[in-house]
Structure formats: C-alpha cells, structure tokens
Amino acid sequence: MSTNESEVQALLQRTSRTNSEQPAALEFQNNDFHTEDHPLYAKLALYASHALSTWGQRMWEFAVGLIMLELYPSSLVLVSTFGLADGLAKVLSGSFVGGYIDKTARLKAACVMYILQNSAVALSAVTALVGLNLEPKSSAFWAAAFFTIGFGSASSVGAQGSALSVEKEWSTTLCYGDSAAMAKLNSGMRAIDLTCLLLSPIAAGFLMTYTSISTAILVITAWNLAAWAPECYLLLCAHRLSSVLRQPKQSSSKQEQTGFTSLLLFLREGGWAIYFKQSMWPAALALGLLYLTVLSLGLLMTAYLKWQGMTEAVLSVYRGAGAVSGLLATVAFPTFHRVADLKSTGLMGVWWQATALILAVAPVWLTQLGARLPESTTSNILLTGLVASRFGLWLFDLSVSQMLQEWIPADDIGEQLTCALL
C-alpha cells in the first residue's frame with residue numbers, strides 16, 4: 015500500500031506541476047505572438063505613409079511657383095522671393111529640426127513633422143486663394159502674398175523634417191546595419207518620391223490648365239488636410255510591426271541647456287560644428303552644391319518657362335520626364351551598389367550629370383557666340399539635357415545619402431543629416 019500511495023502522490027505532484035506551468039507557457043506564447051516582427055509589412059506601411067505625404071507636397075511644390083506668377087504676372091519677383099524665403103527657412107531651422115528629431119520619440123517626431131507640413135501647405139494654399147480674389151497691389155493683397163510665402167516656407171521645413179525622420183532615421187533603424195537592405199529600402203523610398211514627382215505635377219498641371227487655378231488650390235488643400243491621419247496611422251502600424259522601431263533611441267551625451275545659453279552653445283557646438291568634424295562633410299557639401307543651380311526643373315525654371323508662354327500641362331510633362339529619369343536611377347542603384355562601392359557609384363552619377371548639363375547648355379553658348387539656332391530647338395535641347403541629368407543627380411544623391419546614414423553616429427544622425435542635406 016505504501017508503494018501505491020507513493021506512486022499516486024508522485025502522479026498528483028506531476029499533474030500539479032503541469033497545470034501550474036501551463037498558464038506560464040501559454041502567456042509566453044501569447045507575448046511572443048504580440049512581439050513577433052513583421053519587417054516586410056513594416057516597410058510596406060512606411061512606404062504607404064511616405065507616398066501619401068510626398069504626393070501632397072510634390073503637388074504643392076509644382077503649383078506654388080505658378081500661383082506666385084498668377085498673383086503677380088508682370089515679373090518673377092514673387093516667385094524669386096518665395097524661393098529665397100523657402101531656402102532661408104530650411105537653412106536656419108534645419109539643424110534645430112534635426113536636433114528635435116534626435117531627442118524626440120521616433121513616432122512622435124515624425125507625426126509632428128507631418129502636422130507641420132500638411133497644415134502649412136493648407137494654410138499657404140488658402141491665403142493664396144484669398145490673394146487671387148483681392149485687388150492687385152492693395153494692402154490686403156500684399157498681406158495675403160506674405161502669408162502665402164510664410165506658410166509655404168513652413169511647409170518646406172515640415173517636409174524636410176518628415177523626410178529626415180521617415181526616409182533617413184526610420185529607414186536606417188529598420189535595416190539595422192545591413193548595407194544591401196538599406197540600399198533597397200532607400201531606392202524604394204526614392205522611387206516613391208520620384209513617382210510622386212512624375213504624377214502629381216501632371217495632375218496639378220492638368221487641373222490648372224483644364225479647370226481653373228482655384229480648383230487646383232482647393233484640391234491640394236483638401237488632400238493635405240485629409241491625408242494627415244492616414245499618414246500617421248500607417249507610421250503607427252510600422253512602429254507596431256517592428257521591434258527595432260519600438261526600441262528607444264540612443265540617448266545623446268549632449269547636456270541640456272535652456273534659454274540664450276542654449277542658443278549660443280548650439281551655434282558653437284551644435285549641428286554645424288559637429289558637421290564639419292565628420293569625415294563625410296566634403297561629399298555632403300558636394301551634394302548640396304549640385305542643388306545650388308537653376309539648371310533644374312524646379313521653382314524658378316518652371317515659373318520662367320510659364321512666363322515664356324509654356325502651358326502648365328506641357329510643363330508638367332517635362333517635370334514628369336525628369337522624374338522618370340530619376341526613377342531609373344533608383345532602379346539601377348541597388349545593382350551598382352552590389353557591383354561597385356558607394357564611392358564609385360556616386361562618382362559615376364556626378365559625371366553623368368555634368369556631361370548632360372554641358373550638352374544641355376551648349377546651344378545657348380553657341381547662340382551667344384553668334385550661331386543662329388531656332389529658339390524651339392534651343393529650348394528642347396536644354397530641357398532634354400535637364401531631364402537626362404536627373405539620372406546622374408539621383409544616383410549621386412542616393413550614394414551620398416547612404417554613406418551619411420552608415421557613417422554618422424546614431425545619436426547625431428538628425429542634426430547631421432539635416433545640415434548635410436540642406
């Protein structure tokens with residue numbers, strides 16, 4: 015009996031242990047299910063959020079120069095003023111925006127930048143619409159123009175911050191040091207950017223040509239107001255689907271300062287001071303200088319060609335062709351990255367761009383030297399060269415941007431990428 019009793023007691027003990035351990039095992043499995051990574055879905059959510067944001071911003075970037083010209087058709091003074099204010103806003107605020115992104119939680123920083131970008135575009139568009147219905151050169155007209163330029167510049171600051179956060183910081187974190195994966199993700203993000211650059215100006219241009227400029231402004235406003243919530247929700251989905259995105263950022267060793275002392279310390283030891291200590295600053299400076307030109311299908315060139323009589327629809331088609339050229343660069347970049355290193359790929363891109371631009375301006379030089387060429391021929395060769403140069407520009411841009419992502423310390427990536435990409 016004693017033997018049977020001991021066997022029964024041992025059986026009861028084993029059963030008790032099994033029952034007590036089962037909830038723990040189930041709890042572990044449940045937690046494991048909730049923390050399971052889905053990197054592919056996280057990337058798709060990131061792509062979708064970026065696409066919604068970029069579409070609205072690219073529509074506005076194309077339309078704003080034409081709106082400025084519509085407000086003041088006798089000269090390019092409003093267009094050039096907007097370009098100057100836009101550039102100054104990004105330069106003066108860039109390092110502060112980067113510092114904010116470095117110190118703020120990843121999801122919060124991106125959503126704040128989206129709010130700034132979308133709301134500023136909507137406000138700038140509304141004030142432009144008001145200005146179009148006011149008496150030209152009146153006090154109210156100049157006030158509307160002032161706020162259009164101010165809010166438009168603020169939207170560019172927000173777009174710069176969202177691009178830095180989502181395209182650079184989120185992408186770098188999601189790839190956690192895998193250079194090949196980062197090349198593919200960067201190419202995908204840039205392909206979305208260029209696809210929006212291809213299609214959104216065409217949509218805006220045809221709206222402005224075949225309906226009215228007021229209709230185009232209302233559509234752009236509605237898009238930016240409606241897109242913010244889905245943009246942030248998709249970022250939230252990506253955040254939940256990736257454990258590396260949920261991890262806190264590395265804390266910076268910089269001391270927190272307040273007031274005027276903080277401003278002086280920032281100017282002396284902040285983003286720009288650290289920027290010039292990095293070994294990558296010459297390459298980043300070269301990238302910035304490539305954008306310091308009117309030989310692009312940007313704000314001034316678009317407004318100038320419109321001033322010369324080209325329709326918004328034709329302008330949008332040329333901008334779209336330039337985007338296709340850049341899109342081809344995003345397709346080619348992962349292959350070039352695999353076959354050659356980043357430096358060789360960047361060098362190839364910058365030489366391509368230089369050659370295309372030299373050929374583009376050659377007819378202009380010839381006419382200045384006395385050659386007689388039809389104006390249409392000169393314009394077509396110039397625009398064709400500009401379109402072809404986009405391939406080299408974006409190839410160089412992708413190469414330098416990835417070098418910056420890989421070589422800049424994680425706790426300084428916000429400030430340094432902002433300074434580098436201004």
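So that you can map any letter, position 344 of the sequence shown is 358 in the working numbering, and since no number is skipped, the others follow by simple counting.
Ideal Cβ placement from N, Cα and C applies to all residues, glycine included.
Since the structure is predicted, the reported quantities are computational estimates derived from the model, not experimental observations.
| field | Opening and closing residue of the alpha helix (DSSP H) in which GLY70 lies | value | 53 to 85
| task | Check each candidate in SER138, GLN174 and ASN147 and name the one with the smallest Cα separation from MET127. | result | Of the listed residues, the one whose Cα sits closest to MET127 is GLN174.
| query | What did DSSP end up calling ALA479 once you bin it into helix, strand or coil? | reply | Nothing can be reported for residue 479: it is not among the residues displayed for the chain, which extend from 15 to 436.
| said: Taking 8 Å as the threshold (C-beta atoms), are ALA123 and ILE115 in contact? | reply: yes
| query | So LEU326 is in the alpha helix (DSSP H); what residue range does that whole segment cover? | reply | First, the residue type needs correcting, since residue 326 is Glu and not Leu in the sequence shown. That run of the alpha helix (DSSP H) goes 326 to 353.
| Sequence-distant residues of its chain with Cβ nearer than 6 Å to ALA62 (five each side left out) | Taking ALA62 as the centre and dropping the five residues before and after it, the same chain places the C-beta of LEU248 closer than 6 Å to its C-beta, in chain order.
| Can you name the start and end residues of the alpha helix (DSSP H) that VAL144 belongs to? | 120 to 146
| Pair within 8 Å by beta-carbon distance, HIS64 and VAL180 | yes
| field | Local conformation of ARG254 per DSSP, three classes | value | helix
| message | With distance defined between alpha-carbon atoms, name the residue in SER310, MET222, LEU137 and ALA136 nearest to GLY340. | response | SER310
| said: Judging by CA-CA distance, which residue of GLY112, THR162 and SER226 is the nearest neighbour of GLY79? | reply: It is THR162 whose Cα lies nearest to the Cα of GLY79.
| task | Quick one: residues in its chain with C-beta nearer than 7 Å to the C-beta of ASP207, no 5 flanking neighbours on either side, listed in chain order? | result | Cβ neighbours of ASP207 beyond the five flanking positions: THR68.
| First and last residue of the uninterrupted alpha helix (DSSP H) at GLN322 | It is not in any alpha helix (DSSP H) - GLN322 carries neither H nor E in the DSSP assignment.
| message | Looking only at its chain, what residues have a beta carbon closer than 7 Å to the beta carbon of THR381, apart from the 5 residues adjacent to it on each side? | response | The residues LEU387 and THR392, in chain order, have a CB closer than 7 Å to that of THR381 in the same chain once the five nearest residues on each side in sequence are set aside.
| query | Between TYR224, PRO53 and GLY384, which lies nearest to TYR190 when the distance is taken from Cα to Cα? | reply | Closest by C-alpha distance to TYR190, out of TYR224, PRO53 and GLY384, is PRO53.
| Spatial distance of ALA56 from TRP366 (CA atoms) | Going by the C-alpha atoms only, they are around 35 Å apart.
| said: Count Cβ pairs between the stretch 369 to 378 and the stretch 324 to 338 that sit closer than 8 Å; are there 3 or more? | reply: no
| field | Spatial distance of LEU277 from PHE110 (CA atoms) | value | With a pLDDT of only 41 at LEU277, under 50, the local geometry of the prediction cannot be trusted, and no value is derived from it.
| query | What's the C-alpha gap between MET362 and VAL140? | reply | 44 Å
| message | Just to check my reading of the structure: LEU60 and ALA240 have Cβ atoms closer than 8 Å, yes? What is that Cβ distance to the nearest angstrom? | response | Not really, about 20 Å apart at Cβ, beyond 8 Å.
| field | For SER89, the three-state DSSP class (helix, strand or coil) | value | coil
| query | Does the count of Cβ pairs from the stretch 90 to 105 and the stretch 143 to 158 closer than 8 Å reach three? | reply | no
| Three-way DSSP call (helix, strand, coil) for LYS151 in this model | coil
| said: Using 8 Å as the threshold, is the C-beta distance between LEU83 and TRP379 below it? | reply: no
| task | Hey, could you find the ends of the alpha helix (DSSP H) VAL308 is sitting in? | result | VAL308 -> no alpha helix (DSSP H), and no H or E assigned at all.
| said: Assuming LEU418 and ALA298 are in contact, meaning their beta carbons sit under 8 Å apart, how far apart are those beta carbons, in whole angstroms? | reply: 6 Å
| Can you name, in chain order, every residue of its own chain whose Cβ lies under 7 Å from the Cβ of CYS246, other than the five neighbours on each side? | CYS125 and TYR128
| request: Could you check the C-alpha separation between ALA195 and LEU148 for me, to the nearest Å? | output: For ALA195 and LEU148, the distance between alpha carbons rounds to 53 Å.
| task | May I have the straight-line CA-CA distance separating VAL258 from TYR318, to the nearest angstrom? | result | Taking the straight line from one Cα to the other gives about 47 Å.
| said: Which residue wins for smallest C-alpha separation from VAL233, given the options LEU383, LEU221, GLY384 and VAL414? | reply: LEU221
| query | Do LEU407 and PHE347 have their C-beta atoms within less than 8 Å of each other? | reply | no
| field | Nearest-angstrom Cβ-Cβ length linking ALA136 and ASN200, presumed shorter than 8 Å | value | Not confirmed; about 29 Å, so no contact.
| query | With distances taken between CB atoms, is the gap from ALA134 to ALA168 smaller than 8 Å? | reply | yes
| field | Start and end residues, alpha helix (DSSP H) containing LYS357 | value | 356 to 382
| task | Rank THR316, TRP184 and ALA197 by C-alpha distance to the C-alpha of ARG352 and give the top, closest one. | result | ALA197
| query | Sorted by chain position, which residues of the same chain lie with C-beta nearer than 7 Å to GLN416's C-beta, five sequence neighbours on each side aside? | reply | MET196, ALA197, ASN200 and LEU356
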